[in-house]
Structures are given as structure tokens and as C-alpha cells.
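Accompanying notes for the structure given below.
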Amino acid sequence: MTILSQTPQVPHYVHASPTKENLDWAELAAIDLSKAQTPEGRKSLVKQVHDAIKNDGFLFVVNHGTTPEQISRMFDLSDYSVEHVSEEEKQKYTGRMRETGTYRGYKPRKFWHIAGGVRDQIEQYNMNFREIGDGEHPEPLRPFVPEIEAFSKQIHFNIINTLLRLIALSLELDEEYFVQMHDHSANAETFLRFVKYFPRPEEDENKAGGVWLKGHTDFMTLTLLFSQPVSSLQILTKDNQWKWVKHVENGVLVNIGEAVEFLTGGYYRPTIHRVRQPPLDQHNETRVGLLYFSSAHDDIVFKPIAESPVLQRAGTSESRLLDGKFPTAGEYGKARVMAYGGLQPIKPGAQKGVDEEVVGGVLLRHYN
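So the sequence shown is numbered by my numbering: it starts at 1377 and just counts up by one.
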């Protein structure tokens, strides 16, 4: 791959102002990752992380080693990947999610069916963590590949690995237990995502009930969502209430995925979350996002960890595995990617407003 010698200017993306509406905000823990630089510091954070995951499934990390300038630059490039790459060039790098079961390349708008015949207005560019430097990219993005790759590695080593160590310690495992199954040594559905959400016509909003992405859980291990001011994300609390996630300047929102549920036999469970139309004073704003999804190596079997003393004491469950077979991370991830947002039949579940389907031998619920 040829890297151009002169780096072009990237326009600065200016986020919308935070909403002034009085929304029902979720109260999420903020974990100071700077304390995790020593074994003693990591030990002090274990209970905080344990409690945040058990109670909410979501948490913010602050003082995570990535500067506001670095994050702002990646938001600029996220917008650039959508607005400054021609449609012809995007088509060359459009992903084949339904065929390959992997997130690579562009996902165009209107690819996913949301509800009532309404399709999404979300455009993405996805880059697998092992292929950013060596893979092919649209020509306008090629000059920026080295800094995108450096950013990806930095947040993986500084944020993902730190959290994986804290989760391992919370289960009384060796702190490198999860790190070694998420490193760069083997294939995994781990990727950096540039994304831009566009406002939908009011008719579509009414048909879909204002929902942009139905309530779901991520299939990966950890998701990093770099906080930005347009309010759109909601989480479903344990008392069955949708609550908005508030912007935290330079904060990174973290949620655990289904991989953690399977590996802990349900001890840790992911929280249902959805994306919906922003509040009234942000209705007409675009929403540029920056996310990093971390998955275990493709060959890791999603079986409860037998050697964890915590899980031995608590007991484990595989209630969502309908055929009794433990899928690998690769098998389950591919099944999830191929199925999401299609027109395959989804049956109403026993709970009102919840649809169900079976993907990869696992019962999935979609919350309207």
C-alpha cells in the first residue's frame, strides 16, 4: 500500500452543543485509569470495576492516557471518512458483512432494517485492528493510516488491556488471563469504527418510534465509545427504565459484551442499550462517533472459566445457549454480524416490546 508523502489538511469537525433538556440521565461510575499503573493501584480499582459491571454493565474511564487533542483528531478523521471520500471510492471499499460475517470497510446508509420498513441513516468505516497498517484503504484516508494505527494500538494497550486486567483480578484470575486472548497474535473481530449518524425524515421517526438502533447487547468483549455531546444513547436499567447517557468531556464510555457473559457463565451480564433520535434541541444535528470494539481471538471457546474461584463460588449458567454447544468467538461473531439488521423473521417475545431470534445457537432479544 502506498502512503502519500504529503498529508492533506483535515477540516476540524465541530460537535453540536450539549443538550439543554432535562433528561433522565443514568448514573454511571467513572474509573480513574491513572491509578492502574501499579499493582497496588490496580488492586484498589478492582472493586470499583466489579461493582460498575455488576450494577450497570457500563462505566466511564477518565485519565486514560489519550489526550483531548488525539481524540479530537480522530473525530475529525471519522467525519473525513464520510464527507471527503467519494461515493465511487466508498463502493470499492464497501464491506460484505452479510457474506463474510466481519466488519470491514464501509457500511452505507440504509443497509439495516430498523422497524416498520424504516432503514438506518448511519454510515460507518470499519478497520480491523490487525489490518490497519497493512490493509487497503480509500485513497483519501491513506495518508492518515500511520496515525490511525498508532491510535488504535494506544487505546488497545492503555485502555482495553488495563480493563481486561481489572476484570481478571475481579474474578481472582491471573491479571494477564484475558489480555493474552485479546492481543494482536491471532485473528479477532476487533476493530476501530468511524461513524456518522444523520437525521431521519420525521415520517421515518414516527414509523420507527424514534429508535435508530433497537435495544441490544454487543457480542464482543469490550466496547469503547469516545464521548461526544449529541445525546442519543440510552441504557435499560435493572428496573426496566430507559436512561440517557450523559456526555463526559474526554471520557470513554465502556460496556461489556456477550463474550464476558459467556466466559463468566452469566456472572457478568451486558446491559441492553439502544440509539434513538436526539432530544429536541439536537434533532437536526449530525452525530459523529468514534468506537473501538475488542473481541477475543476467533478460536476462543465461549465456555465458563472453570479456574475462577469467584465463579466456582457463585455458580454459572448457560441459559441462553439453546443447543448446549459452546460457540467460539469467531463462530458467534460471524453469525451476529451476518444476521443483524436483515429482513429475516423475528418473533415477538413473551415480554411486551421485545422481539426474539436465535443466532449462532444463542437466544437474542431486540428491545423496541
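Note that the Cβ used here is the ideal one computed from N, Cα and C, for glycine as well.
Item	Value
Could you tell me which uninterrupted alpha helix (DSSP H) segments, each at least 4 residues in length, are contained entirely in the region 1457 to 1545, listed from first to last along the chain?	1463 to 1468, 1473 to 1476, 1521 to 1531
Just confirm the distance between the C-beta atoms of I1535 and L1409, as a whole number of angstroms; I'd bet it's less than 8 Å.	7 Å
Going by DSSP, which residues form a beta bridge with G1665?	V1571
According to DSSP, is A1405 helix, strand or coil?	coil
Hey, out of L1568, D1580, F1527, whose CA is closest to T1443's CA?	F1527
Reducing DSSP to helix, strand and coil, say where A1392 ends up.	coil
What residue range does the alpha helix (DSSP H) around G1709 cover?	1705 to 1715
In terms of alpha-carbon separation, which member of Q1500, T1692, P1646, S1603 lies closest to M1596?	P1646
Tell me the rounded alpha-carbon separation between L1600 and G1633.	11 Å
Using only the alpha-carbon positions, how far apart do Q1385 and K1701 sit?	51 Å
On the CB-based measure, 16 or more other CB atoms within 10 Å of its CB, does N1398 come out buried or exposed?	exposed
Do the CB positions of Y1708 and F1678 come within less than 8 Å of each other?	yes
Per DSSP, what kind of secondary structure is I1676 in: helix, strand or coil?	coil
Assuming A1711 and G1417 make a contact with CB atoms under 8 Å, what is their CB distance in whole Å?	Their Cβ separation, rounded to whole angstroms, is 39 Å, which puts A1711 and G1417 out of contact at 8 Å.
How is V1437 classed by DSSP in three states: helix, strand or coil?	strand
Here's the rule: buried if 16 or more other CB atoms are within 10 angstroms of the residue's CB, otherwise exposed. What is P1577?	exposed
Does the count of Cβ pairs from the region 1604 to 1616 and the region 1532 to 1549 closer than 8 Å reach three?	no
Quick one: residues in its chain with C-beta nearer than 7 Å to the C-beta of V1713, no 5 flanking neighbours on either side, listed in chain order?	M1473, G1477, T1478, Y1479
Quick one: what's got a C-beta closer than 6 Å to R1449's C-beta in the same chain, skipping five residues either side?	none
My understanding is that M1475 touches R1485, with C-beta atoms under 8 Å, so please give their C-beta distance in whole angstroms.	Note on identity: in this sequence residue 1475 is Glu, with Met being the wrong assignment. Incorrect: roughly 19 Å between the Cβ atoms, too far for contact.
In whole angstroms, what is the alpha-carbon distance linking Q1446 and Y1482?	23 Å
Just grab the DSSP bridge partners of Q1610 for me.	W1620, R1650
Report yes if the CB atom of A1412 is closer than 8 Å to the CB atom of L1598, and no otherwise.	no
Quick one: what does DSSP say H1592 is sitting in, helix, strand or coil?	strand
Note down the Cα distance separating I1379 from P1703, rounded to an integer number of angstroms.	Legend: pLDDT at I1379 = 49, less than 50; position of this residue unreliable, value from coordinates given subsequently. Approximately 39 Å between the Cα atoms of the pair.
Under 8 Å, do S1750 and V1422 count as touching if we go by C-beta distance?	Limits of the chain in this structure are 1377 at one end and 1744 at the other, which puts residue 1750 out of reach.
Hey, would you say S1462 sits closer than 8 Å to Y1501, going by beta carbons?	no
Which residue from L1539, P1514, W1401, N1563 puts its Cα closest to that of L1424?	It should be noted that the sequence gives Gln, not Leu, for residue 1424. The candidate whose alpha carbon is nearest that of Q1424 is L1539.
Assess contact between the region 1656 to 1672 and the region 1566 to 1582, defined as three or more Cβ pairs (one per stretch) separated by less than 8 Å. Is contact present?	yes
Measure the alpha-carbon distance for Q1382 versus K1529 and round it to whole angstroms.	23 Å
Starting from the Cα of L1589, find the closest Cα among S1608, A1690, T1395, R1506 and give me that residue.	S1608
Going straight from the alpha carbon of H1623 to that of D1400, what length do you get?	13 Å
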